[in-house]
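Q: Mapped onto full-length UniProt numbering, the consecutive letters of the sequence shown carry residue numbers 1 to 788.
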Amino acid sequence: MRALDRKLLRDLWQMRGPALAILLVVAAGVAVFVASRSALDSLELTRAAYYEDYRFAHVFARVTRAPESVGRRAAGLPGVLQAQTRVVTDVTLALPGVAEPLTGRLISIPERRAPMLNDLYLREGRYIEPGRDDEVLLGEAFADKRGLRPGDSVEVVVNGRMRRLQIVGVALSPEYVYQISGTSPWPDDERFAVMWMGAEALRAALDMRGAFNDLTLTLAHGASEGDVIAALDRALAPYGGLGAHGRDRQISDRFLSDEFQQLRSTATIVPSLFLAVAAFLLNVVISRVISTQRTQIATLKAFGYSSWAIGRHYLALALLLVLAGAAAGVLVGLWLGDGMTRLYAEFYRFPVLELRITAGTAALGALISVVAATLGVALAVARAVRLPPAEAMRPEAPASYRPTLVERLGLGRLLSPAARMILRNVSRRPVKALLGAAGVAVAVSIVVVGRFTEDAGQYMMNMQFRLVQGEDAAVFFYQPVPRAALSELAHVPGVLHVEPMRAAPVALRAGHREHRTAIVGASPDAVLHRTVDRHGAFVPLPDEGLLLGVYLARKLGVRPGDVLTVEVLEGRRPVREVPVAALIDDLVGASAAMDLDALNRLLGEGDSISGAYLAVDRLGEEAAYERLKRTPAVAGVSTTRAALESFDKIMGENLGVMRAIQVVFSSIIAFAVVYNKARIALAERSRELASLRVLGFTRAEVSLILLGELGVTTLAGIPLGLGLGYYFAWAMCKAYEDTELFRFPLIIHPSTYAYAALVVLVSAAVSALLVRRRVDQLDLVGVLKTRD
Numbered sequence: 001m002r003a004l005d006r007k008l009l010r011d012l013w014q015m016r017g018p019a020l021a022i023l024l025v026v027a028a029g030v031a032v033f034v035a036s037r038s039a040l041d042s043l044e045l046t047r048a049a050y051y052e053d054y055r056f057a058h059v060f061a062r063v064t065r066a067p068e069s070v071g072r073r074a075a076g077l078p079g080v081l082q083a084q085t086r087v088v089t090d091v092t093l094a095l096p097g098v099a100e101p102l103t104g105r106l107i108s109i110p111e112r113r114a115p116m117l118n119d120l121y122l123r124e125g126r127y128i129e130p131g132r133d134d135e136v137l138l139g140e141a142f143a144d145k146r147g148l149r150p151g152d153s154v155e156v157v158v159n160g161r162m163r164r165l166q167i168v169g170v171a172l173s174p175e176y177v178y179q180i181s182g183t184s185p186w187p188d189d190e191r192f193a194v195m196w197m198g199a200e201a202l203r204a205a206l207d208m209r210g211a212f213n214d215l216t217l218t219l220a221h222g223a224s225e226g227d228v229i230a231a232l233d234r235a236l237a238p239y240g241g242l243g244a245h246g247r248d249r250q251i252s253d254r255f256l257s258d259e260f261q262q263l264r265s266t267a268t269i270v271p272s273l274f275l276a277v278a279a280f281l282l283n284v285v286i287s288r289v290i291s292t293q294r295t296q297i298a299t300l301k302a303f304g305y306s307s308w309a310i311g312r313h314y315l316a317l318a319l320l321l322v323l324a325g326a327a328a329g330v331l332v333g334l335w336l337g338d339g340m341t342r343l344y345a346e347f348y349r350f351p352v353l354e355l356r357i358t359a360g361t362a363a364l365g366a367l368i369s370v371v372a373a374t375l376g377v378a379l380a381v382a383r384a385v386r387l388p389p390a391e392a393m394r395p396e397a398p399a400s401y402r403p404t405l406v407e408r409l410g411l412g413r414l415l416s417p418a419a420r421m422i423l424r425n426v427s428r429r430p431v432k433a434l435l436g437a438a439g440v441a442v443a444v445s446i447v448v449v450g451r452f453t454e455d456a457g458q459y460m461m462n463m464q465f466r467l468v469q470g471e472d473a474a475v476f477f478y479q480p481v482p483r484a485a486l487s488e489l490a491h492v493p494g495v496l497h498v499e500p501m502r503a504a505p506v507a508l509r510a511g512h513r514e515h516r517t518a519i520v521g522a523s524p525d526a527v528l529h530r531t532v533d534r535h536g537a538f539v540p541l542p543d544e545g546l547l548l549g550v551y552l553a554r555k556l557g558v559r560p561g562d563v564l565t566v567e568v569l570e571g572r573r574p575v576r577e578v579p580v581a582a583l584i585d586d587l588v589g590a591s592a593a594m595d596l597d598a599l600n601r602l603l604g605e606g607d608s609i610s611g612a613y614l615a616v617d618r619l620g621e622e623a624a625y626e627r628l629k630r631t632p633a634v635a636g637v638s639t640t641r642a643a644l645e646s647f648d649k650i651m652g653e654n655l656g657v658m659r660a661i662q663v664v665f666s667s668i669i670a671f672a673v674v675y676n677k678a679r680i681a682l683a684e685r686s687r688e689l690a691s692l693r694v695l696g697f698t699r700a701e702v703s704l705i706l707l708g709e710l711g712v713t714t715l716a717g718i719p720l721g722l723g724l725g726y727y728f729a730w731a732m733c734k735a736y737e738d739t740e741l742f743r744f745p746l747i748i749h750p751s752t753y754a755y756a757a758l759v760v761l762v763s764a765a766v767s768a769l770l771v772r773r774r775v776d777q778l779d780l781v782g783v784l785k786t787r788d
């Protein structure tokens, strides 16, 4: 073994404490990168393969009712590779012993199994038999939550008639990887079931023989999706077409894409923070090693070692630490990635979802850490290379001390000697102190961002389910009915109060911009379901004109006073010019609301409603829901309590795991920064501290002088980190500002700031106590004999 190699191993052993801290920081950064990147790769590869193998459609369209001949014409449109017509309907579903309302979606499939668009993966059981009108395949998410298996049965209300359907198989579809009903932005696998039924049986049940109400298409290679959608809309318009859309607006795929984007950001931003801290720590540690080994460097050069060999030696010291950390990070990343994949498997229904980590992902993580390490130690190594032997033989010039600003202001007499020493040590190396504070700040900011998502989620939950959705239940009809139907709902036992609602699908246009959504009409004096902005303030509905969400207004490029072209996509399909009366800065969806009477005038169909909001007596809710489930005109019933439980469960399962990981990793950063700074300070000032002990200072007083500087750095880094965390939270809000599903509010509770500060303070205290033990064990005689 060469002499420099033996020196490398000895140096590593002597700096094992700081080295371990650096290794942990590098491992944490690489682990986050590998876990996030491998989970992202697994999801993207699984989605791509699933979509390809099971022919996930490119374009989706709904109509009121159209003959099959229209579907054949759609298949012949330029750019269309394949078209498939279906019948899709939402139904009320009942299970034995379950009082709360459940919603089901029946989708027609061929009587005999054949390749089709949005094909099914049969997880369990068998396919439906031809000629049987009572057999269905049930979506796996609902089946798992309710414990249903082939051989069980469910009751549904189809076209006003109660029917018992036999479950013969459990299936998955690429159309429902993320299973959501569409009436809520949150999934609810316990209360929303997707079922597939034979096409002839479902058409007969809905009186739609020879007709369809849903159409899916795949496109030929190179075809223009926009041109196909425009042609399809023209073909379906006479039959009540509600507007075709591509995959980007298919709700399951949209949620997947948003999740992928979030994972991509996590795999970029968080590892960058960790590796930046690691680079800083490496610079500090290697600089200290070089400083204490000046005479060794001079001796090596005198014996003929080149500057390149010496520089390579210290660079290898840093790279060995980083590569060891990267190797540990890859192993931890595999474990974390497997856990993340299992978590995603609870929400996203794929036939197979396994962690896939490639050699490229592990190599890239290691390469990034090596680059960060090289940049971190470059200046320190350059100083060692440039150091002339004659100068290296002399000890470093002692640090110059001068009165601090506090002392120059005449306040020094208020400080103890130990406090003055602490302030002078900080002031003589302000850059070093600032970098130490910056490392602490990064740790604090990670905890703040982790807790911010929980704070924002809780705020959204309170806003949506306590201020906006004040109703106990919402009832939806198959088609618009006269407002007189409210009186029937009001007489349902257990119903205390009823408010009308009308939702009309529309295309909103402003110049060349267009967006398809639904205008929701409500009573201006509504008390159950209200329009509330993101700050919780009630926003009244205007007498005339649209109340538009800020997100939608920004997308359409309009302001209050501007006029929108509104094309109604149902009934007589009128086209009207409607002014934008006011904007509302809300958090969920792409809002477009109107006064109910004004909306009915716009539709030109009289006084009609498409649903209602109900206040239900808790004591009588079971009887009320049972009655509503069996009402022929009711397509579905959703309860606010069920939506709240679903949202709360998502928040608890998802954010709880991520919060624990963030706390652990931020603690690692805080510990590493404080511990390294303390060890280096002890090494640099051991002679000074030993001298103070000989002069009569107690161990506690000497420890206070050493650790007081660390306390100042830590306390300075905490408010900086709180500000940095706020900035990162603001950046997250901006990133979600242009998403239609929901927007994060910038809400950070004081308890989050306190929690972040506490986590870092505890980590710093643990590292300080470890160093204090070394202060207590100082060899006074040995230290005082040291020449330098």
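No residue lacks a Cβ here, since even glycine has one placed at the ideal position from N, Cα and C. Quick caveat, the model's predicted, so the values are computed rather than measured.
Between which two residues does the beta strand (DSSP E) containing residue 718 stretch?
A: First-last for residue 718: 699 to 735, but that is the alpha helix (DSSP H), not the beta strand (DSSP E).
Q: If we count the other Cβ atoms within 10 Å of its Cβ and call it buried at 16 or more, is residue 13 buried or exposed?
A: Residue 13 should be labelled exposed.
Q: How about residue 88 and residue 207: are their beta carbons less than 7 Å apart?
A: Not in contact: residue 88 and residue 207 (Cβ atoms no closer than 7 Å).
Q: Could you tell me which of 501, 602, 479, 478 sits nearest to residue 486, measuring between CA atoms?
A: The residue with the shortest Cα to Cα distance from residue 486 is 501.
Q: Got a sec, what are the start and stop residues for the alpha helix (DSSP H) residue 18 sits in?
A: Counting along the chain, the alpha helix (DSSP H) containing residue 18 begins and ends at 16 to 53.
Q: Grouping DSSP H, G and I as helix and E and B as strand, with all else coil, what is residue 127?
A: If DSSP states are grouped into helix, strand and coil, residue 127 belongs with coil.
Q: Buried or exposed: residue 734, going by 16 or more other Cβ atoms within 10 Å of its Cβ?
A: So residue 734 counts as exposed.
Q: Take the Cβ of residue 769 as the centre, count every other Cβ of all protein chains shown within 10 Å, and call the residue buried at 16 or more, exposed below.
A: Classification for residue 769: exposed.
Q: Which of helix, strand or coil does DSSP assign to residue 3?
A: In the structure shown, residue 3 sits in a helix (DSSP, three-state: H, G or I).
Q: From the DSSP output, in three-state form, read off residue 372 for me.
A: The answer is helix: DSSP assigns residue 372 an H, G or I state.
Q: Where residue 234 and residue 82 are concerned, what is the direct C-alpha to C-alpha distance, given to the nearest angstrom?
A: In a straight line, the C-alpha of residue 234 is about 18 Å away from that of residue 82.
Q: What separation, rounded to the nearest whole angstrom, lies between the Cα atoms of residue 248 and residue 84?
A: One C-alpha to the other measures close to 19 Å.
Q: For the beta strand (DSSP E) containing residue 430, list its first residue and its last residue.
A: Where residue 430 is concerned, there is no enclosing beta strand (DSSP E), although the alpha helix (DSSP H) it sits in stretches over 430 to 462.
Q: Contact check, residue 599 vs residue 507 under 8 Å by CB: the rounded distance?
A: With a Cβ gap of about 15 Å, residue 599 and residue 507 do not count as contacting.
Q: Which residues does DSSP list as the beta-bridge partners of residue 790?
A: With the chain covering 1 to 788 only, the question about residue 790 has no answer from this structure.
Q: Return the chain-ordered list of same chain residues with a C-beta closer than 8 Å to the C-beta of residue 134, the five sequence neighbours on each side being excluded.
A: Contacts found: 163, 164, 165, 166, 201.
Q: In whole angstroms, what is the alpha-carbon distance linking residue 334 and residue 442?
A: C-alpha separation (whole angstroms): 24 Å.
Q: So, helix, strand or coil for residue 795, using DSSP?
A: Residue numbering for the chain in the displayed model covers 1 to 788; residue 795 lies beyond these limits and cannot be assessed.
Q: Need the endpoints of the beta strand (DSSP E) that residue 90 sits in, please.
A: Here the beta strand (DSSP E) through residue 90 covers 88 to 94.
Q: What is the DSSP secondary structure of residue 121, reduced to helix, strand or coil?
A: Reduced to three states, the DSSP call for residue 121 is strand.
Q: Which class does residue 268 belong to by DSSP, given the choice of helix, strand or coil?
A: In the structure shown, residue 268 sits in a helix (DSSP, three-state: H, G or I).
Q: Can you find the residues in the same chain that come closer than 7 Å, C-beta to C-beta, to residue 437, ignoring five residues on each side of it along the sequence?
A: Closer than 7 Å at Cβ, skipping near neighbours: 713, 716, 717, 720.
Q: Kindly indicate which three-state DSSP category residue 600 falls into: helix, strand or coil?
A: Correct three-state label for residue 600: helix.
Q: Along the alpha helix (DSSP H) that carries residue 530, what are the first and last residues, could you check?
A: Note, residue 530: premise wrong, no alpha helix (DSSP H); not H, not E.
Q: Does residue 760 pass the burial test, meaning 16 or more other C-beta atoms within 10 Å, or should it be called exposed?
A: With 16 or more other Cβ atoms within 10 Å, it is buried.
Q: Does DSSP put residue 222 in a helix, a strand or coil?
A: Residue 222 falls in the coil class under three-state DSSP.
Q: In terms of DSSP beta bridges, what is residue 595 paired with?
A: For residue 595, which the question treats as bridged, DSSP gives the partners 522.
Q: With a Cβ-Cβ cutoff of 7 Å, do residue 60 and residue 216 count as a contact?
A: Yes.
Q: In the DSSP assignment, what are the bridge partners of residue 66?
A: The partner list for residue 66 (beta bridge, DSSP) reads 212.
Q: Flag this pair as yes or no: are the beta carbons of residue 673 and residue 450 separated by less than 7 Å?
A: No, the Cβ-Cβ distance between residue 673 and residue 450 is not below 7 Å.
Q: Once DSSP output is grouped into helix, strand and coil, what is the label at residue 99?
A: Residue 99: coil per DSSP, three-state reduction.
Q: Using three-state DSSP, classify residue 773 as helix, strand or coil.
A: Helix.
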